[in-house]
Amino acid sequence: MTSKIFGCSDAAPHEAGPPSGGIATSVKLSRRAFLAGLPFAAAVSACRQPYRRNDFILPARSPVALLPASGYDADFADVIGRGLALFDLRVRGRRVFLKPNLVEYEAGTVINTHPLVVAGAVEAFLRAGAREVVVGEGPGHRRDIEYLLTATGMADVLAELRVRFVDLNHDDVARVPLASRFTRLNEMSLPVELLKSDVIVSMPKLKTHHWAGLTASMKNFFGVVPGAVYGWPKNILHVKGIPNSIVDLNATIRPHFTIVDGVTAMEGDGPIMGRPRALGMLAMGTDLVAVDATCARVIGLDPWKIPYLRTASAFLGNVDSRRIVSVGESLSRYSTQFDIVEHFRNMRLANRL
Amino acid sequence: MIGSKTSNLADALCRSRNADGGWGYYAGKASRIEPTCWAALYLSRAGKSQPDLADGAASWLASRQRVDGFLDDLTGGAPNLGFNGLAALSVRSSGPWSGEPAKELLAALSATKGVAAKNTTARQDNTLQGWSWVEGTFSWIEPTSWCLLALKKWPALLPPRERSARIDEAERLLLDRVCQTGGWNYGNSNVLGQELHAYVPTTALALLALQDRREHPSVQRSLEYLAQRRLSEPSGMALALTSICLRVYRVPAGDVDERLAALAEQHAFFNNLHIAAMALYSLTGQDHDVEDFRL
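Structure follows, in structure tokens:
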């Protein structure tokens with residue numbers, strides 16, 4: 606494996622750059638502290654940003670691993686296990702929640718995280734000493750989870766591994782104060798099975814998205830919003846603004862890790878009607894903003910032009926390529942240009958327009 | 009045959025009732041409106057063996073009614089309008105969930121609309137307002153179908169002019185959203201120039217709501233679509249709603265019930281009590297002729 610800092614590499618000079626006003630710094634509250642509830646409203650109203658600056662810290666450097674997996678016959682437990690070893694992620698004795706992307710089933714398409722990638726992650730986390738691994742999803746499009754689980758083959762895979770699946774659309778919920786309030790919502794109801802987990806892992810399929818530009822680690826958390834409370838397709842998240850909702854959910858849930866299924870990704874009119882596009886990689890990391898920014902660069906999109914990443918870059922994670930450290934294969938190995946819907950063509954990297 | 013396959017399912021449903029009289033989506037979870045409605049529908053039609061459980065479910069539903077008429081799951085969110093439509097179909101002629109509470113619920117539903125949007129293409133009329141899942145959002149097929157069917161089911165409980173105006177607009181919305189193949193997606197039939205697929209559960213629901221418009225070409229086309237695709241989405245939700253719908257339309261669907269019973273035996277719908285109750289109601293359809301969904 607190679608290891609380098611992208612620095613001012615090929616992509617950076619052609620990117621739009623960070624929002625004016627600089628990048629916010631700092632730290633430190635744990636996710637559990639947030640979920641326990643905080644005297645948030647008064648503090649937020651006293652400052653301009655819809656979040657408390659001191660509650661967040663941008664990592665000085667965000668390691669991101671792009672790891673090769675040429676097809677779905679790869680040994681994903683091995684690939685993901687090697688990936689986990691590259692990061693400082695405490696797993697031993699903890700309850701790990703895997704959140705794949707299950708949206709819709711259409712034979713011959715690549716809408717969902719492949720079940721074998723999820724199976725590999727289950728094995729890898731158990732080998733790393735996890736006390737329990739749980740898989741959960743609350744599809745935002747197709748409500749019929751039984752159909753999705755059986756049609757995609759996920760049910761068989763999880764049954765064979767004896768792993769429990771949690772239907773997040775219909776779980777018990779708890780009210781959670783939002784740690785940022787770009788949506789202007791003060792709190793949301795979220796599934797208790799997610800909230801009581803120690804380690805939350807996003808496991809999205811890498812796709813272009815006809816409303817958000819890109820869907821990967823962060824947009825994947827739309828799936829934890831319970832449909833039985835908010836309806837389908839969780840329309841309130843659209844009404845409040847998709848980028849705002851993505852940022853608020855990630856700021857509040859504080860996921861610990863991501864494993865992006867980019868073995869075969871989707872280009873064009875994603876997240877459902879797009880076309881398969883082979884990339885042959887998994888992307889992993891603890892900073893989901895940095896991983897999504899890297900995925901954007903891989904598929905020829907300028908992360909600074911993707912609204913949710915631009916907003917998140919101020920306080921949640923790194924988009925700036927100088928702060929992203931490659932601990933796997935180099936970005937250039939996978940770099941390509943994905944097709945994207947007409948109204949998002951301006952998101953393409955300047956050197957690939 | 010079917011009865012023997014589903015007796016375990018019925019036992020599991022009864023055993024999973026919460027102490028408060030309601031049902032959660034899964035055993036051990038808090039009672040919620042939707043699974044409790046389906047359990048109440050099944051148990052109240054299941055003969056004389058389970059009257060206490062059916063009464064308990066009705067009492068639980070009544071206990072969740074707010075002063076504005078809506079039932080509330082107490083999840084901290086706004087009332088789910090789709091589930092409130094279903095609750096209106098669970099009303100009985102007597103008992104705690106009947107009469108005045110039902111009238112208040114229907115009045116609340118009648119006064120609520122999905123938001124209107126500007127028309128961006130000639131393809132779809134976004135100004136039409138049916139029902140959204142929660143207030144302040146766009147109209148979708150499922151909540152619109154449940155609420156429309158509820159308003160049609162109880163004609164005496166709303167003023168005629170108010171009722172007919174809501175029914176008319178909701179029908180126009182459903183007919184406006186029919187997919188090219190017949191049948192319904194979850195909302196729009198076309199997005200960014202791409203034709204969307206129809207789905208079995210949404211198609212069955214919309215057809216139930218339009219059962220008194222059977223002569224309409226879009227309804228006929230959608231019924232044909234459902235009949236052809238009735239086994240194409242092998243899940244408890246899709247098969248149960250299909251069975252109920254086809255029974256209402258007097259279309260034979262014995263194979264749907266057989267498949268549904270087989271799934272019950274195979275994996276019990278992954279222990280989802282909402283789907284289990286829905287399946288049990290459907291599989292006992294020959295006993296009650298799905299009267300709760302018939303106009």
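So the protein sequences, as listed, match chains P and L. 606 is the number of the first residue of the first sequence in the numbering used here; add one for each residue after it. 9 is the number of the first residue of the second sequence in the numbering used here; add one for each residue after it. Cβ coordinates follow ideal geometry from the N, Cα and C atoms, glycine included.
- The Cβ atoms of Y710 of chain P and F920 of chain P do not sit closer than 8 Å to each other.
- Here Y233 of chain L is near T189 of chain L, since their CB atoms are less than 8 Å apart.
- For L165 of chain L, the closest C-alpha among the options L:E112, L:T83 and L:A65 is that of L:E112.
- Residues of chain P whose Cβ lies closer than 7 Å to the Cβ of L291 of chain L do not exist, since the nearest Cβ in that chain is about 16 Å away.
- At a cut-off of 8 Å, the C-beta of E737 of chain P has no neighbouring C-beta in chain L.
- In the pairwise beta carbon analysis, the segment 882 to 891 of chain P is classified as touching the segment 851 to 868 of chain P: at least three pairs are separated by under 8 Å.
- By the Cβ rule, the segment 681 to 690 of chain P counts as touching the segment 887 to 902 of chain P, because three or more pairs are nearer than 8 Å.
- Between G745 of chain P and L773 of chain P, the gap from beta carbon to beta carbon reaches 8 Å or more.
- In this structure the segment 167 to 187 of chain L lies against the segment 130 to 139 of chain L, because at least three pairs of beta carbons, one per stretch, are closer than 8 Å.
- Taking the beta carbon of M878 of chain P as reference, the chain L residues within 9 Å of it are V199, L200, Q202 and L204, listed in sequence order.
- For secondary structure counted as the alpha helix (DSSP H) over 4 or more consecutive residues, the segment 799 to 847 of chain P holds these complete runs in sequence order: 832 to 835 and 840 to 844.
- For H775 of chain P, the residues of chain L that pass the 9 Å Cβ criterion are G32, Y33, Y34, K37, R40, E42, P43, N280 and H282, in the order they occur in the chain.
- Close to V142 of chain L, with beta-carbon spacing below 7 Å, are these residues of chain P in chain order: Y835, G836 and I841.
- Residue pairing for D265 of chain L: DSSP places it in no beta bridge.
- Around the Cβ of E872 of chain P, a 10 Å sphere holds 16 or more other Cβ atoms; the residue is buried.
- The residue from P:K801, P:N717, P:R950 and P:A817 with its alpha-carbon nearest to that of R700 of chain P is P:K801.
- When CB distances to chain P are screened at a threshold of 7 Å, the residues of the segment 202 to 234 of chain L falling below it are Q202 and P209, in chain order.
- Within chain L, the C-beta atoms nearer than 8 Å to that of R780 of chain P come from G84, in chain order.
- The beta carbon of Y50 of chain L does not come within 8 Å of any beta carbon belonging to chain P, so the residue lies off that interface.
- With at least 16 other beta carbons inside 10 angstroms of its own, E150 of chain L counts as buried.
- Scanning chain P for C-beta atoms nearer than 8 Å to the C-beta of A246 of chain L yields D749 and Y752, reported in chain order.
- Taking H224 of chain L as the centre and dropping the five residues before and after it, the same chain places the C-beta of L183 and L218 closer than 8 Å to its C-beta, in chain order.
- For W816 of chain P, the closest of P:P796, P:V844 and P:V829 by C-alpha to C-alpha distance is P:V844.
- Under the three-state reduction of DSSP output, P668 of chain P falls in the strand class.
- Taking every protein chain shown into account, the CB of T757 of chain P has 16 or more other CB atoms within 10 angstroms, so this residue is buried.
- Flagged as an interface residue toward chain L: S794 of chain P, by a C-beta distance shorter than 8 Å.
- Taken through DSSP and simplified to helix, strand or coil, R695 of chain P comes out as coil.
- Interface residue (Cβ-Cβ distance to chain L less than 8 Å): H815 of chain P is classified as such.
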